[in-house]
Amino acid sequence: MLLIEDLQVELEGKVLLKDIHLEILPGETHILFGPNGSGKTSLLMTIMGYPQYAVKRGKITFKGVDITHAPIDERARLGIGMSYQRPPTINGLKLRQMIDICAKKHADAEEMAKSLNFFDFLERDVNAGFSGGEIKRSELLQLKAQNPDLMLFDEPESGVDIENMALIGKTIAQLLQKAPVKDGSKSMLQTRQDRTRMGLVITHTGYILDYVPADKGQVLYEGILACAGNPREIFQCIAISGYEECLKCNL
Amino acid sequence: MQPLEDIEGKAKAAADKKAPFGEDLDLGKYDRSFVPHKYLAEEEICALPEMERRLLLMSGLDVTGRGRGGTFFQKDTTVVHCRSLQEGIEVLPIKESLKKYDWIKDYFWKLVPVDQDKYTASAALELHDGYVIRALPGSKSIYPIQACLYIDKENLQQNVHNLIIAEEGSELHVITGCTTSPKMKRGVHVGISEFFIKKNAKLSFTMIHNWAEEMAVRPRSVAMVEEGGLFVNNYICMRPVRSIQMYPVTHLVGEDSTAMFYSIVVGTPGSNFDIGGRIFLKKPGCRAEIIQRAISNGAYVMNRGHLIGEAPDIKAHLECKGLLLKGGVIDSIPQLSAHVEGVDMSHEAAVGKVAREEIYYLMSRGLSEQESISTIVRGFLSVDIKGLPPMLKAEIDKAIDASDKDAF
């Protein structure tokens, strides 16, 4: 379980997140909505442990461990992973090597890359000259290899063409154990109940909702978690009234 | 052919001539007298103490000769082993060759000016030995030829002269290691190398330096590449050294000839590197590339590079990247000279430190901070060297691996 209590975060002296309370139970996937600059990426970076995001108040607990001030690698080892929107290029490090790093050499990089239609990129330097859509596939590939318990997705659909959207959506659903699996030995209900993977997905377009049956939607507005509810309902609401609607609740 | 007396006369006149770059060395402080060593038979070379064998291996010399097409091994001033295992490839000591073969004189001091500076002069006046490696027309070296210049005697100035000749249509790969015995600290290595790459020949020359902390090194090398020829020149130095100054020059004199220089340097505290490379592109269709990677852990590193386009339809690129890990200074001077229209020349230079963003990215994939930094640094150093057989590429990776732990 991820539990965020009363969290206040600053970046270079500026308050970005205020009074955040968020709880993601094992097996749950949450969707994070919000206008540009509302603090969505900052929340993900704070959960991942980027030190420039200074926690001024509150607490982050993961699997019962207080990780509020833990370094990034400790969180990664504890089971938190992230799919970045704009990851840096690592010159000279091949994607194949990166997959080995993520999986601690326990994954078949080629098989995995094939599943994401990304085989031809294994010998390329990580993210070097990748297009928007290629970055997303590369990120998913790395996350798949890392296989963390809590997966943070920062706009996994941005820059992805229509052709690859289904691939991305289905892969995320699989990663989060949200894809329908027919397993003869277990009932589908049992499969759902056995789900442990947690997800937090930032989306602007809402496309991801077509593939991932999310459990809860949250709206982040000016650093405050303004609204929570059924993700599709929230998305519809935003589509009709825009984020202006949030003002009604927060002022 | 210039008579040997002329060489001597010119050398004498330049005996005190300082080099334009790098620290000036007082050669009077070093010993150049001959050090006799027994010639080692194959079994004997394999029976060297393990410590020594390991040192040699780090410089690319495998005493077993496994995966090698031939071996040249010079200890101090004396050749202790020399043989070729491949038909069509000759490996000879230069002093013996000068006596035996007249054709050597067509190459000896033909490219490097004997009066360039006091180091070339010293090598001409007091030559110890060196190698001649020649691939006969059309022959292909399946395995690289290994050459090792080893210094064991404290305070020695080792003067060597090497000739590397790839005859028409041949393919030759040479890996040269320069190293010192573990007990040895102070000395000078002066190495003259002249490369002749004839029509449609290919030569890859990889030099790995593993020196002692108080060593000063002054290589002087010039190459000439004829029509359709390819010269790949790799240089790796990742161990502590006092001072290295070199500025190898290549003349692309034939149409469609190519030269590629790659250098990887890791400078430890107190080291002083002045490393350059100059390529003249003299005929249409010539290609040249200089790729430099330098890491400073508290060293002074000067990277120079100069591409000179003298004919249309040439293409040349210079890439010079430096990384400051633990202080020190990196200077980078890339230079392009275009003498005619229709040249395509570019350069790229960057000096910086390891980006935090990259470190965090790798940490979020489960690596510790230190592991992340090493991974980024390894990536920085892993240059895609073209034109190398896979075996030699593996050899270079091995050299980087071996010094990885100490270097960063």
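Here the protein sequences come in this chain order: A and B. Take the first sequence: its position 192, counting from 1, is numbered 192 in the working numbering, and each next residue is one higher. Add 1000 to the 1-based position in the second sequence for the working numbering, that's all there is to it. By construction, the Cβ of each residue, glycine as well, lies at the ideal position given by its N, Cα and C atoms.
**Study point:** Partner residues on chain B for Ile67(A), Cβ-Cβ distance less than 9 Å
**Key:** Per Cβ cutoff of 9 Å: no residues; Ile67(A) is ~13 Å from chain B at best.
Check your understanding: Secondary structure at Val1377(B), three-state DSSP: helix, strand or coil?
Key -> Here DSSP, grouped into helix, strand and coil, assigns Val1377(B) to helix.
Review point. Counting only runs that start and end within the stretch 1035-1117 of chain B, where is the alpha helix (DSSP H) found for 4 or more residues in a row?
Key: Listed in chain order, they are 1042-1046, 1050-1058, 1094-1100.
Exercise for review: Note down the Cα distance separating Ala1014(B) from Glu1008(B), rounded to an integer number of angstroms.
Suggested key: Distance from the CA atom of Ala1014(B) to the CA atom of Glu1008(B), rounded to whole angstroms, is 10 Å.
Review point. Hey, how far is the Cα of Gln236(A) from the Cα of Tyr243(A)?
Key: When rounded, the distance between both Cα atoms is 11 Å.
Review point. Would you report the Cα separation of Glu1289(B) and Lys1321(B), rounded to the nearest angstrom?
Key: C-alpha separation (whole angstroms): 14 Å.
**Study point:** Under 8 Å between C-beta atoms of Ala103(A) and Leu122(A)
**Key:** In this structure, Ala103(A) sits away from Leu122(A), with a CB-CB distance that is not shorter than 8 Å.
Review point. Are the C-beta of Leu93(A) and some C-beta of chain B separated by less than 8 Å?
Key: Chain B, which has a Cβ nearer than 8 Å to the Cβ of Leu93(A), makes this yes.
**Study point:** Val1377(B) versus Val1354(B): straight-line alpha-carbon distance, rounded
**Key:** Counting only the Cα atoms, Val1354(B) lies some 8 Å from Val1377(B).
Check your understanding: Taking Cβ positions, are Gly81(A) and Pro180(A) nearer each other than 8 Å?
Key -> One thing to note: Gly81(A) has its Cβ no nearer than 8 Å to the Cβ of Pro180(A).
Check your understanding: Mapping DSSP to helix, strand and coil, what is Asn164(A)?
Key -> Three-state result, Asn164(A): helix.
Check your understanding: Taking DSSP as the reference, what is the three-state secondary structure of Arg137(A)?
Key -> The answer is helix: DSSP assigns Arg137(A) an H, G or I state.
Check your understanding: Between which two residues does the alpha helix (DSSP H) containing Cys1286(B) stretch?
Key -> No alpha helix (DSSP H) holds Cys1286(B); DSSP gives it neither H nor E.
Review point. Anyone know if the C-beta pair for His30(A) and Lys170(A) falls short of 8 Å?
Key: Taking 8 Å as the Cβ cut-off, His30(A) and Lys170(A) do not qualify as a contacting pair.
**Study point:** Whole-angstrom distance between Ser1181(B) and Phe1231(B), CA atom to CA atom
**Key:** Using only the alpha carbons, I get a separation of about 31 Å.
Point to revise | Span of the alpha helix (DSSP H), counted from its first residue to its last, around Tyr1361(B) | key: For Tyr1361(B), the enclosing alpha helix (DSSP H) has its first and last residue at 1356-1363.
Check your understanding: What did DSSP end up calling Gln177(A) once you bin it into helix, strand or coil?
Key -> Judged by DSSP in its simplified three-state form, Gln177(A) adopts coil rather than helix or strand.
Check your understanding: Is it right to say Tyr1131(B) is buried, meaning 16 or more other beta carbons lie within 10 angstroms of its own, or is it exposed?
Key -> Tyr1131(B) should be labelled buried.
Review point. Can at least three beta-carbon pairs, one atom from the stretch 1294-1308 of chain B and one from the stretch 1263-1282 of chain B, be found at a separation below 8 Å?
Key: Counting Cβ pairs under 8 Å, three or more are found: they touch.
Check your understanding: What first and last residue would you give for the beta strand (DSSP E) that runs through Ser83(A)?
Key -> Per DSSP, Ser83(A) belongs to the beta strand (DSSP E) from 80-83.
Point to revise | Proximity to His1317(B) [Cα-Cα], best of Thr1258(B), Ile1330(B), Leu1324(B), Glu1371(B) | key: Checked all of Thr1258(B), Ile1330(B), Leu1324(B), Glu1371(B); the closest Cα to His1317(B) is Thr1258(B).
Point to revise | Same chain only: Cβ atoms within 7 Å of Ala145(A), ignoring 5 sequence neighbours per side | key: When the five nearest sequence neighbours on each side are left out, the beta carbons in the same chain lying within less than 7 Å of the beta carbon of Ala145(A) are those of Ile99, Cys102, Ala103, Ala107, Met112, in order along the chain.
Point to revise | Inter-residue spacing [alpha-carbon to alpha-carbon] between Ser1382(B) and Gly129(A) | key: Roughly 18 Å separates the two Cα atoms.
Review point. Chain A beta carbons: is any one of them nearer than 8 Å to that of Leu1325(B)?
Key: For Leu1325(B), the answer is no, since every Cβ of chain A falls outside 8 Å of its Cβ.
Point to revise | Alpha carbon of Ala239(A) to alpha carbon of Glu222(A), nearest angstrom | key: Using only the alpha carbons, I get a separation of about 19 Å.
**Study point:** Rounded C-alpha distance that separates Pro51(A) from Thr191(A)
**Key:** Each residue's Cα considered, the two are about 37 Å apart.
Review point. Is the beta carbon of Lys1198(B) sitting closer than 8 Å to the one on Glu1168(B)?
Key: Yes, the Cβ-Cβ distance between Lys1198(B) and Glu1168(B) is below 8 Å.
Review point. Going along the chain, which unbroken runs of the beta strand (DSSP E) with 3 or more residues stay wholly within the stretch 48-72 of chain A?
Key: Listed in chain order, they are 53-62.
Check your understanding: Of all the CB atoms in chain A, is at least one closer than 8 Å to the CB of Thr1180(B)?
Key -> With 8 Å as the cut-off, Thr1180(B) does not count as an interface residue toward chain A.
Exercise for review: Using a Cβ cut-off of 8 Å, pull out every chain B residue sitting near Gln142(A), in sequence order please.
Suggested key: Neighbours of Gln142(A) on chain B, chain order: Arg1365.
Exercise for review: Could you check which residue in Pro1093(B), Pro1113(B), Pro1144(B), Ser1097(B) has the C-alpha nearest to that of Gly1065(B)?
Suggested key: Nearest C-alpha to Gly1065(B): Pro1144(B).
Review point. When DSSP builds the beta bridges, which residues end up paired with Glu23(A)?
Key: Partner residues in the beta bridge of Glu23(A), as assigned by DSSP, are Leu3(A).
**Study point:** Contacts that Ala76(A) makes with chain B (C-beta to C-beta distance below 9 Å)
**Key:** Met1363, Ser1364, Arg1365, Gly1366, Leu1367, listed in chain order.
Check your understanding: What are the uninterrupted segments assigned as beta strand (DSSP E) that are 3 or more residues long and contained completely in the stretch 1116-1179 of chain B, given in chain order?
Key -> Annotation note: the stretch 1116-1179 of chain B contains the following uninterrupted beta strand (DSSP E) runs of length 3 or greater, listed N- to C-terminal: 1131-1135, 1145-1151, 1156-1166.
Check your understanding: Leu1156(B) touches chain A at which residues, Cβ-Cβ below 7 Å?
Key -> The premise fails here: Leu1156(B) is roughly 38 Å from chain A at the closest Cβ pair, so nothing lies under 7 Å.
Point to revise | Contacting positions in the stretch 39-51 of chain A - beta carbon closer than 7 Å to chain D | key: Among the chains of the structure shown, chain D does not appear; the protein chains present are A and B.
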